[in-house]
Every structure is written in structure tokens, then in C-alpha cells.
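Residue numbers (the working numbering): 1 to 38. Yeah, the Cβ is synthetic: ideal placement off N, Cα and C, and Gly gets one too. As the structure is a prediction and not an experimental result, all values here were calculated from the model.
Next comes the structure, spelled out in C-alpha cells:
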């Protein structure tokens with residue numbers, strides 16, 4: 001299976017977006033778990 005440069009860029013962007021989304025989700029989950037300190 002030959003992936004062109006376009007395909008590689010799309011794949012890299014998708015992987016990067018997934019990583020960023022996962023990190024944001026983890027941070028959001030942590031914030032939910034910890035009651036805000038006032």
C-alpha cells in the first residue's frame with residue numbers, strides 16, 4: 001500500500017488531532033474529578 005505525501009500529511013494531522021483531543025479530554029476529566037478549591 002503506497003501512501004502519497006498527501007496521505008501521509010492527512011495521517012499525521014489525524015494522529016496529532018487525536019493526541020491533542022485525548023490530552024484535552026484527560027485534563028477535562030481530571031478537572032471533573034477534583035472538586036474546585038475555593
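Alpha-carbon spacing of residue i relative to residue j, whole angstroms
| i | j | result |
| --- | --- | --- |
| residue 20 | residue 12 | 12 Å |
| residue 9 | residue 17 | 12 Å |
| residue 67 | residue 34 | The chain is shown only over 1 to 38; residue 67 falls outside these bounds and no answer can be derived. |
| residue 23 | residue 30 | 11 Å |
| residue 25 | residue 5 | 30 Å |
| residue 14 | residue 2 | 18 Å |
| residue 7 | residue 37 | 46 Å |
Residue i in three-state terms, based on DSSP
| i | result |
| --- | --- |
| residue 11 | helix |
| residue 22 | helix |
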